[in-house]
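According to UniProt numbering, the sequence shown is numbered sequentially starting from 1.
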Amino acid sequence: MDLGVNEMKYALDAMHRAYDKARKSHDEMIAREMRRFGELERRAKGIKKTRAKPSAKYRSRKDKKLVWTGRGSMPRWMRDEMRALKLKPEAFLIRN
Numbered sequence: 001m002d003l004g005v006n007e008m009k010y011a012l013d014a015m016h017r018a019y020d021k022a023r024k025s026h027d028e029m030i031a032r033e034m035r036r037f038g039e040l041e042r043r044a045k046g047i048k049k050t051r052a053k054p055s056a057k058y059r060s061r062k063d064k065k066l067v068w069t070g071r072g073s074m075p076r077w078m079r080d081e082m083r084a085l086k087l088k089p090e091a092f093l094i095r096n
């Protein structure tokens, strides 16, 4: 089989394209497997994904910088304001 220079260049280009396509596909497959393996490893170790910080649900009437998410025990500033102003927790709710 006698190929000319142009035919050899064309064949070589076709092989490079096929190699690049196969390499890209292989790299994507490896990346998927690594992500899956990482997820399985986190589950095995009991590591959870990070969560967004909970949004504030209550705000002080006196100092607008003081907020509370509603989780945990009630903060002192809220307890003190409730006693002083004779308010219920609903009065401190942040309205959207």
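Using N, Cα and C, we set each Cβ at its ideal position, and we do this for glycine too. This one's a predicted model, so the numbers in the text were calculated from it and none came from an experiment.
For residue i, list the residues DSSP reports as bridge partners.
i: R59; result: V67
i: residue 97; result: Not covered by the structure: residue 97. The range shown for the chain is 1 to 96.
What is the rounded straight-line gap between the Cα of residue i and the Cα of residue j?
i: E81; j: A52; result: 29 Å
i: S60; j: I94; result: 9 Å
i: T69; j: P89; result: 12 Å
i: N6; j: R23; result: 25 Å
i: L85; j: N96; result: 23 Å
i: K57; j: T50; result: 21 Å
Spatial neighbours of residue i within its chain, please: CB distance less than 6 Å, with the 5 preceding and 5 following residues excluded, ordered by chain position.
i: V67; result: A56 and R59
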